[in-house]
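Novice:
Numbering (the working numbering), first residue to last: 52 to 123.
This is how it looks when you write it as structure tokens:
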């Protein structure tokens, strides 16, 4: 299982959800591409736990909005 860091690329408000540039979470994932695998559940859950925001509802579950870096 690898450790990843997901960071919001730009500030935006989508579907009533505000995402600020620089918001980031660290999370473990068994998948090499956590956004595209398993519906992005690992990324969604990490942002929900830390910030209480639903990035899926915001339509931001994409590499266009989130930068994913493997850190461990």
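No residue lacks a Cβ here, since even glycine has one placed at the ideal position from N, Cα and C.
Do you know how far the Cα of residue 91 is from the Cα of residue 82?
Specialist: Distance between the alpha carbons of residue 82 and residue 91 is about 10 Å.
Novice: Contact check, residue 58 vs residue 118 under 8 Å by CB: the rounded distance?
Specialist: Yes, residue 58 and residue 118 are in contact; Cβ-Cβ is about 5 Å, under 8 Å.
Novice: Please work out which residues of its chain come closer than 7 Å, Cβ to Cβ, to residue 104, disregarding the five sequence neighbours upstream and downstream, and give them in chain order.
Specialist: Answer for residue 104: 68, 70, 98, listed in chain order.
Novice: Going by C-alpha distance, which of 76, 113, 110, 87 is nearest residue 96?
Specialist: Ranking the options by Cα distance to residue 96, first place goes to 76.
Novice: I'd like to confirm the pairing. Which residues does DSSP put opposite residue 85 in its beta bridges?
Specialist: Looking at the DSSP assignment, residue 85 forms no beta bridge with any residue, so it has no partner.
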